[in-house]
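S.K.: Under this note's numbering, think of the first position of the sequence shown as 65, with each following residue one higher.
Positions of the beta carbon are idealized from the N, C-alpha and C atoms, including for glycine.
The structure displayed is predicted, hence computed values, not measured ones.
Here's a structure for you.
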Amino acid sequence: MRRYTLKTIAKLTFSAILWLMILLFFTWNSFKPNKTKSGAKLKVFRFSPHGKAQNALPAVLHVNAIDKDAANEQKKDWHDYKAMERDNEREGLGERGSAAFLNNATLGLEQKMSLENGFNALLSDSISINRSVPDIRNMGCLNKLYLRKLPTVSIIIIFWNEYMSVLMRSVYSLINRSPPELIKEIILVDDGSDRAYLGKPLDDYIADHFTNVHVVRLPRRTGLIMARSAGARNATAEVLIFFDSHIETNYNWLPPLLEPIAMNKRTAVCPLIDVIDHKTFEYRSQDEGQRGGFNWLMLYTRLPLLPEDLKHPTEPFKSPVMAGGLFAISSEFFWELGGYDEGLDIWGGEQFELSFKIWMCGGEMYDAPCSRVAHIYRGPRISPPIEKSREKFLLRNFKRVAEVWMDDYKKYLFQHRDGEFDQVDPGDLSAQIAQRYKLKCKSFKWYMENVAFDILKEYPPVEPADYANGAIQNLGDPNICVDTLQHKPVNKPGPYLCAENLVHPQVSQYWALSWRRDLRMRGQKVCLDVQMWTQNTPVWLWQCHGAGGNQYWSYNYNTKLLMHGINQKRCLELLPQTKELVVNLCNSTNKYMHWNFGFVNHTALQTFKTN
């Protein structure tokens, strides 16, 4: 038997320990997180069906804010610079979103076609359906990077008797300014159109020009909500994007809309909505974003951005309510929520129903400032009458949403509608209530305290009574009332045929001389504003500021004068020849300065100057 000296044993022991240390070193390194070139440690997650992060691949990257280099390795610049350069070289009518005009010889035909469509359809035919647009994004958006791996989309566009060149400009805008690998399909849902060119001619055009665009046709007109549901059922991509049929997208609009959804499937994202002028097709910015909200008339309103949102103008910000026309949501989450409530009729209320359940049932909703999509806000339009059985569909829709989602807060809605809901039957709500229970959704109180926390401040449930409200009827021409003409700030209101019900007219004629002594759209923050001091001074729609000044109005029931300014020397006037609303020096003998409200609160008016 061989004997070993102590010296030999020591050498062997040392060698064994050394080899063990080497083995442990390489084993440890094989389990260490990967390092980037910058040395930052990365950890990869994906979201499980229950919203909890799990270690997995492939992945969405989560890094500390300081690990910018590490994050950028998982992101890319999605801009199509060649397409942007081609757009910049284009010349022609309306290019780069400029205002366009035809000659006076076509004025009569322009007006006729505008009334048929709600926009200048004749002018649209003279503008390229591939036209370029102005890049109106925040400058910081030009340098933004987004995840390399983004989900595919099905873009669902609902149309009813849409004008062909406007519909096709919407489609080409999506194709020309979107990464082709992200668009799986564009689905055009025809909601029972009866214009011949939207039948076989449309089918033939699409077959000749596109491979991933197809039409779903509904046998009769069902309305926006049912048509969108039909489009969603036909969609096959990971993300659903719902758009109106009269839009144009801006550059690189899609990646910022998708990245929040890629990071959390329980997220809905809306673009900032810009404006295409219905008369000139000018493409212009609306603003740099505001949060969506609602008032107690169940009308969509806009809330100011929070201070933390203003610090990061290119980052998505949370919004309590979507505008409704343009948004993206994962298909899985949309159907998990139950899709749209198909008991809602035609249109109206669907954006509140979807917004409430997104937030209350485990989701989030954002607006993405670097995703910009412009929209035609229609002007006056001759539309076919709604069937008598559907005259109150809006009230029915609002009551359905309130009964299912608003809990005790629904009483404020019912109070502000002055008994209009009393005889309204919302229909069977059992499926919607069961879905809310199944998803274990939070209370509306939680929503109001944690999501829409400033609505009660902006729109108190109980406000002092209006001095007067309803339609504002001109007594020089009793057929004419003050109307927004479907315009938003900053635009001019105008005269329009009065609603049949002057006490409770349609929204565009529903005004209030409020306790703030301004003349506003009832329940909203849009006021009549006068900014000059000349003859025939125009009146503007402007965001209410509540500070009096150029938005201060008063009313004398005896003289019927509607006076602007504290000194009460200038009055609202209808110019009968030009059909304009202006402000001039008051003249109590001028019948076109005489106005009547649908409802006058005589008791409150008596204390107008003392309160």
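#1: Assign SER652 to buried or exposed, taking buried as 16 or more other Cβ atoms, counted over all protein chains shown, within 10 Å of its Cβ.
#2: Helix, strand or coil, according to DSSP, for GLU379 in the structure here?
#3: Look up ASN538 in the DSSP assignment and give the residues it is bridged to.
#4: By alpha-carbon positions, which one of GLN588, LEU638, VAL235, SER395 ends up nearest to PRO553?
#5: How should MET596 be labelled, buried or exposed, when 16 other C-beta atoms within 10 angstroms of its C-beta is the threshold for buried?
#6: Just the Cα atoms here: how many angstroms apart are GLU249 and SER578?
#7: Which residue comes first and which comes last in the alpha helix (DSSP H) that contains ASN461?
#8: To the nearest angstrom, how far is it from the Cα of PRO380 to the Cα of CYS635?
#9: So what does PRO335 bridge to, in DSSP terms?
#10: For ASN314, verify whether its CB is less than 7 Å away from any heavy atom of the ligand HEM.
#11: According to DSSP, what are the bridge partners of GLU249?
#12: Please return the same chain residues whose Cβ sits closer than 7 Å to the Cβ of ALA466, not counting the five positions on each side in sequence.
#13: Give me the Cβ distance between GLY235 and ASP338, rounded to the nearest whole Å; I'm assuming they're in contact under 8 Å.
#14: Just verifying my parser: in three-state terms, what is the DSSP assignment at CYS545?
#15: Helix, strand or coil for LYS556 per DSSP?
#16: DSSP puts ILE191 in a beta bridge; with which residues?
#17: Is it buried or exposed, GLU153, if we count other Cβ atoms within 10 angstroms and call 16 or more buried?
#18: Return the residue from the list ASN533, VAL277, LEU638 that minimises the CA-CA distance to ASP541.
#19: At what residue ranges does the region 260-301 contain a whole run of the beta strand (DSSP E), taking only runs of 3 or more?
#20: Would you kindly work out how many angstroms separate the C-alpha atoms of ARG195 and ASP151, rounded to a whole number?
#21: For LEU503, I'd like the list of residues in its chain whose CB is within less than 6 Å of its CB, leaving aside the five on either flank, ordered along the chain.
#22: Should LYS643 and TRP604 be called a contact, given that it needs their Cβ atoms to be closer than 8 Å?
#23: Pull up the distance between the alpha-carbon of PRO319 and that of GLY353, whole angstroms please.
#24: Between which residues of its own chain and CYS545 is the CB-CB distance below 8 Å, once the five residues before and five after are set aside?
#25: Classify GLY356 as helix, strand or coil using the three-state DSSP reduction.
#26: Please tell me whether GLY161 and GLU346 are closer than 8 Å, where the distance is taken between their beta carbons.
#27: Starting from HIS628 and walking both ways along the alpha helix (DSSP H), at which residues does that stretch end?
#28: Quick one: using the 10 Å Cβ neighbour count with 16 as the cut-off for buried, is ASN622 buried or exposed?
#29: With distances taken Cα to Cα, identify the nearest neighbour of LYS139 among TRP510, ARG212, GLN350.
#30: Assuming contact is defined by CB atoms lying nearer than 8 Å, are GLY172 and ALA164 in contact in what I supplied?
#31: Which two residues bound the contiguous alpha helix (DSSP H) that contains TYR476?
#32: To the nearest angstrom, how far is it from the Cα of GLU414 to the Cα of LEU592?
#33: In terms of residue numbering, what span does the alpha helix (DSSP H) encompassing TRP399 cover?
#34: For ILE221, I'd like the list of residues in its chain whose CB is within less than 6 Å of its CB, leaving aside the five on either flank, ordered along the chain.
#35: Taking ASP144 as the reference, which of SER178, GLU174, ALA169, LEU209 has the closest Cα?
#36: Where does the unbroken alpha helix (DSSP H) through GLU323 begin, and where does it stop?
M.R.: In short:
#1: exposed
#2: DSSP places GLU379 in coil when its eight states are reduced to three.
#3: TRP659
#4: GLN588
#5: exposed
#6: 49 Å
#7: Here the alpha helix (DSSP H) through ASN461 covers 457-469.
#8: 44 Å
#9: ALA432
#10: Here there are no bound small molecules, and the ligand HEM is not part of this structure.
#11: SER218
#12: LYS474, LEU477
#13: Just to set this straight, residue 235 is Val in the shown sequence, not Gly. In fact, because the Cβ distance is near 18 Å, the residues do not count as touching under 8 Å.
#14: strand
#15: The answer is coil: DSSP assigns LYS556 none of H, G, I, E or B.
#16: Partner(s): none; ILE191 has no beta bridge.
#17: exposed
#18: Nearest to ASP541 by alpha-carbon distance, out of ASN533, VAL277, LEU638, is LEU638.
#19: 277-281
#20: 8 Å
#21: Closer than 6 Å at the Cβ level, and outside the excluded window around LEU503, lie CYS425.
#22: no
#23: Each residue's Cα considered, the two are about 18 Å apart.
#24: ALA535, ILE536, GLN537, ASN538, PRO559, TYR560, LEU561, CYS562, ALA563, LEU566, PRO569, GLN573
#25: strand
#26: yes
#27: Unbroken run through HIS628 is the beta strand (DSSP E), 625-628; no alpha helix (DSSP H).
#28: exposed
#29: ARG212
#30: no
#31: 474-480
#32: 29 Å
#33: 395-400
#34: LEU252, PHE307, SER309
#35: LEU209
#36: Run containing GLU323: 318-327, per the alpha helix (DSSP H) assignment.
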